[in-house]
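What follows is a single structure, written as structure tokens, with notes after it.
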Amino acid sequence: MKFKAMTAIAAVILTVPMWAAADPDDDNLILNGETEMTTKAAAPAHLADVMDEVMSGWHFRSDETQMMQADDFDNPGMVFVENAMNAWNTAEGSEGKSCADCHGDVADMAGVKPTYPKWNEDAGAVRTLQMQVNACRTERMGADAWKYDGGDAIEMEALLSSVSRGMPVDVAIDGPAQKTWEMGKELYYTRTGQLELSCANCHEDNYGNMIRADHLSQGQINGFPTYRLKNAKLNGVHSRFKGCVRDTRAETYKPGSQEFIALELYVTSRGNGLSVEGPSVRN
Amino acid sequence: MASDAKPRVKVPKTAAAGETITIKTLISHKMESGQRKDGDGNLIPRSIINRFTCEFNGELVVDVEMHPAISTNPYFQFDAIVPEAGEFKFTWYDDDGDVYGTTKKIAIG
């Protein structure tokens with residue numbers, strides 16, 4: 000009898016249609032009740048053939064998670080931003096200089112994050128924001144470089160991102176950066192691992208669908224560094240790439256590698272026009 | 000021990016007399032559970048905030064006892080009725096005996 004009742008319940012559950020909730024919602028993100036964020040935008044020209052609209056991963060999260068990001072007090076990522084604020088004002092290295100000694104108030108750095116990764120003429124290469132911070136540390140401060148995507152580096156990236164929130168992502172993909180961008184595009188569409196999945200298979204062909212128990216977003220990185228509820232810390236974009244590539248059951252590239260720098264430039268460019276959100280809150 | 004503990008509190012600056020307001024609090028703290036082991040297999044000693052209180056003009060609003068299953072940077076949100084102008088006093092008690100506190104004034108208007 001009991002068994003029959005249970006199978007009846009199971010049958011009811013099975014007949015409920017698959018939740019349509021995997022689709023992105025239409026909520027608006029207003030930061031601290033003042034800054035209106037662009038979380039949906041017309042796709043940049045280079046994506047014209049594959050999609051009409053780009054949208055932030057914010058739309059794919061539950062209302063509760065969305066609300067956490069809308070208020071700085073509720074956003075756990077801001078605790079790490081405060082840590083970086085201390086680092087910003089702390090003199091380090093043989094030159095006895097802090098970030099603030101050259102750059103002044105961190106609020107003056109608004110507009111920096113949206114343009115990275117960016118071509119650096121002196122280095123003759125595309126640099127991510129973390130690489131630029133490390134160049135400052137080693138060349139100007141005489142301090143040790145921070146580990147790529149390590150705690151210090153990711154907190155500083157979050158601080159620099161936080162002052163640019165609301166500004167549209169705008170990375171250059173032409174000129175000297177084009178070669179790196181092409182490499183990133185190649186990687187984006189290259190299938191890897193035993194599962195033979197490319198970034199595009201999930202984030203271009205199947206966003207809005209479920210991947211096991213989770214929602215597939217467009218894989219936009221305008222919200223990085225991201226505070227993830229699953230590990231209660233800030234996550235760097237290269238570490239996130241690594242997690243994705245690992246999940247295709249492939250040997251991954253390393254955070255800070257040429258491959259991930261190129262991929263970061265390419266994936267960032269797919270979100271040109273969306274607001275900078277970092278530190279965002281995700282699952 | 001937890002030198003990085005830093006309290007943060009969000010209270011409205013003003014309220015109507017008798018109004019119910021929402022208070023948000025957060026303290027950065029590693030909340031080491033005492034269950035984990037380090038690389039050599041030794042137990043990492045427990046170090047958590049074990050009690051949190053909020054008082055308004057000397058009267059207790061909430062008194063929370065905390066145990067090891069609470070994750071890092073504990074966050075509390077609760078409502079309080081404000082009968083008169085005064086001061087909220089927030090206190091966190093660490094396992095190592097440290098006490099962290101902060102206060103917030105609220106006006107009627």
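First to last, the sequence lines map onto chains A and B. Using numbering that gives the first Met the number 0, you'd call the opening residue of the first sequence number 0 and step up by one each time. Using numbering that gives the first Met the number 0, you'd call the opening residue of the second sequence number 0 and step up by one each time. For each residue, glycine too, the CB sits at the ideal point set by N, CA and C.
Counting only beta-carbon separations shorter than 8 angstroms, does Pro224 (chain A) have a partner in chain B? Taking Cβ atoms only, chain B never reaches closer than 8 angstroms to Pro224 (chain A), which makes this a no.
So the alpha helix (DSSP H) Gly76 (chain A) belongs to, where does it begin and stop? 76-87
Which two residues bound the contiguous alpha helix (DSSP H) that contains Ile153 (chain A)? 150-161
DSSP three-state call for Gly56 (chain A): helix, strand or coil? helix
By the 8 angstroms beta-carbon criterion, what residues does the stretch 68-80 of chain A contribute toward chain B? Phe72, Asp73, Pro75, Val78
If contact means a Cβ-Cβ distance below 8 angstroms, which residues of the stretch 229-247 of chain A contact chain B? Ala231
Cβ of Thr71 (chain B) within 8 angstroms of any chain A Cβ: yes
Within 9 angstroms of chain A by C-beta, residues of the stretch 41-73 of chain B in sequence order: Ser70, Thr71, Asn72
Cβ of Arg7 (chain B) within 8 angstroms of any chain A Cβ: yes
In the structure shown, what three-state DSSP assignment does Glu91 (chain A) receive? DSSP places Glu91 (chain A) in the strand class (E or B) of the three-state scheme.
Spatial neighbours of Cys198 (chain A) in its chain, beta-carbon cut-off 6 angstroms, leaving aside the 5 residues before and after: Tyr187
Am I right that Gly165 (chain A) and Leu273 (chain A) are in contact with their C-beta atoms under 8 angstroms? What's the rounded C-beta distance? Not really, about 11 angstroms apart at Cβ, beyond 8 angstroms.
Taking all protein chains shown into account, decide if Asp51 (chain A) is buried (16 or more other Cβ within 10 angstroms of its Cβ) or exposed. exposed
Nearest residue (CA-CA) to Phe223 (chain A), options A:Ala42, A:Ser55, A:Asp25, A:Pro23: A:Ser55
Please identify the residue among A:Pro43, A:Asn282, A:Glu258, A:Thr179 whose C-alpha is closest to the C-alpha of Asn230 (chain A). Considering only alpha carbons, the answer is A:Asn282.
Using a Cβ-Cβ cut-off of 8 angstroms, state whether Lys104 (chain B) counts as contacting chain A. By this cut-off, Lys104 (chain B) is not an interface position.
To the nearest angstrom, how far is it from the Cα of Pro278 (chain A) to the Cα of Tyr99 (chain B)? Looking at the two C-alpha atoms, the distance is approximately 27 angstroms.
From what residue to what residue does the alpha helix (DSSP H) around Ile260 (chain A) run? Where Ile260 (chain A) is concerned, the enclosing alpha helix (DSSP H) stretches over 257-268.
In the DSSP assignment, find the alpha helix (DSSP H) that holds Glu18 (chain B) and state where it starts and stops. Glu18 (chain B) -> not in any alpha helix (DSSP H); beta strand (DSSP E) instead, spanning 18-27.
Contact with chain A by Val27 (chain B), beta-carbon distance below 8 angstroms: The question names Val, but residue 27 (chain B) in the sequence shown is Ser. So, interface residue.
According to the neighbour-count rule (16 or more other Cβ atoms, all chains shown, within 10 Å of its Cβ), is Asp143 (chain A) buried or exposed? Answer is exposed; the Cβ neighbour count stays below 16.
How many whole angstroms separate the CB atoms of Ala157 (chain A) and Val80 (chain A), which I take to be in contact at a CB cut-off of 8 angstroms? 5 angstroms
If you measure from the beta carbon of Lys12 (chain B) to each beta carbon in chain A, is any gap under 8 angstroms? no
By DSSP, does Asn271 (chain A) sit in helix, in strand, or in coil? strand
At which residues does the beta strand (DSSP E) containing Arg126 (chain A) begin and terminate? 124-126
Under the three-state reduction of DSSP, which class applies to Gln285 (chain A): helix, strand or coil? Residue 285 (chain A) lies beyond the range of chain A shown here (0 to 282); nothing can be said about it.
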